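Here's the structure, in structure tokens; my notes come after.
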Amino acid sequence: MTAETWDRFGLRSHGGPAWDRFEWTQYNQHGPGIELITTGPGTRVLELGPGKGDNLAFVTKTGSTAIGVDVSAVQVERAKARFGGLLDIRVGRAEEFLAESEAEFDSIYSVFGAVWFTDPGALVRRALKPGGRFAFSHLPPSGECPGPHEYDMYGPDDELLPITRWCYRPYMWEAKLLEAGFTSASGQRLPCPPEKETIGTLIVEATA
């Protein structure tokens with residue numbers, strides 16, 4: 002997967018009004034909120050793949066020192082345009098940023114972002130302070146064997162753009178995070194709202 006792929010995807014995305022709560026799922030006002038991570042004055046929080054910037058802006062408003070890292074320069078510029086000087090959001094690859102960070106953050110999170118599209122072996126926990134929180138969400142696997150799978154998504158001109166997604170069930174994520182040195186990990190498949198009758202959301206939490 003390349004930065005160009007996500008730049009082109011970003012050109013297809015539209016901003017819309019900012020969210021009024023922290024969202025882990027693809028459905029507004031559904032599921033848990035910001036309580037899955039540690040935020041507030043004196044905390045440092047990192048988002049991997051903030052996209053349009055809604056959740057990062059919400060975290061910033063709690064008083065946290067919040068940083069976002071996104072591989073797409075287009076997405077970063079659009080997020081900055083939406084929220085002005087509120088966001089500290091940088092262009093870069095999540096795995097490279099994490100590899101250079103030493104126990105800096107109270108929380109690291111990803112919502113349909115970099116954790117879904119990055120080799121889990123590269124997502125090191127050393128960037129979290131002891132007791133720090135790691136949480137992420139993405140679509141649950143739909144019958145695939147565990148591991149990376151190639152997919153296509155649509156770009157701004159309806160062209161197909163290649164991506165790779167890592168597909169693991171909740172218990173597999175739990176095992177991987179414990180093996181990586183987290184002291185606890187739990188995953189769940191949150192059903193979609195009853196009126197939607199479509200796919201739910203996989204949500205995983207862990208403590209360093």
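For the sequence shown, the residue numbers in the numbering used here are 2 to 209.
Glycine included, every Cβ here is placed at the ideal spot set by N, Cα and C.
Since this is a predicted model, take the numbers as computed values, not measurements.
In this structure Asn56 is buried. Its beta-carbon is surrounded by 16 or more other beta-carbon atoms within 10 angstroms. Nearest in C-alpha terms to Leu161, of all of Thr208, Tyr152 and Phe183, is Tyr152.
Under the three-state reduction of DSSP output, Gly122 falls in the helix class. For Glu196, the closest alpha carbon among the candidates Asn29, Trp25, Ala82 and Asp21 is that of Asn29. Residue nearest to Thr40 within the set Ile68, Gly54, Thr26 and Gly32 is Ile68 (criterion: CA-CA distance). Residue pairing by DSSP places Thr202 opposite Leu191 in a beta bridge. When DSSP states are grouped into helix, strand and coil, Ile38 belongs to the coil group. Apart from sequence neighbours up to five positions away, the residues of its chain that approach Arg190 with a beta-carbon distance below 7 Å are Pro141, Pro171, Gly201 and Leu203, ordered along the chain.
Contact annotation: Val46 and Ser108 have beta-carbon atoms nearer than 8 Å. In the DSSP assignment, Ala136 falls within the unbroken beta strand (DSSP E) covering Leu129 to His139. Sequence-distant partners of Gly34 (beyond 5 residues in either direction) whose C-beta falls short of 6 Å from its own C-beta, in its chain, are Arg22 and Phe23. Secondary structure of Ala100 (DSSP, three-state): helix. Counting every other CB atom within 10 Å of its CB across the protein chains shown gives Thr61 a total of 16 or more, marking it as buried.
Relative to the Cα of Glu101, the nearest Cα in the group Leu124, Val116, Ala209 and Glu198 belongs to Leu124. Residue pairing of Thr66 in beta bridges, as defined by DSSP: Arg45. Contact annotation, Ala209 with Gly122: C-beta distance approximately 17 Å; criterion of less than 8 Å not satisfied. Rounded to whole angstroms, Gly144 and Gly86 show a C-alpha spacing of 43 Å. Under the three-state reduction of DSSP, Val72 is assigned to coil, being neither helix nor strand. Among the bridge pairs identified by DSSP, Glu151 is matched with Thr165.
In the displayed model, Arg91 falls within a strand according to three-state DSSP. Residue Lys53 holds the alpha-carbon nearest to the alpha-carbon of Val77 among Glu96, Lys53 and Ala58.
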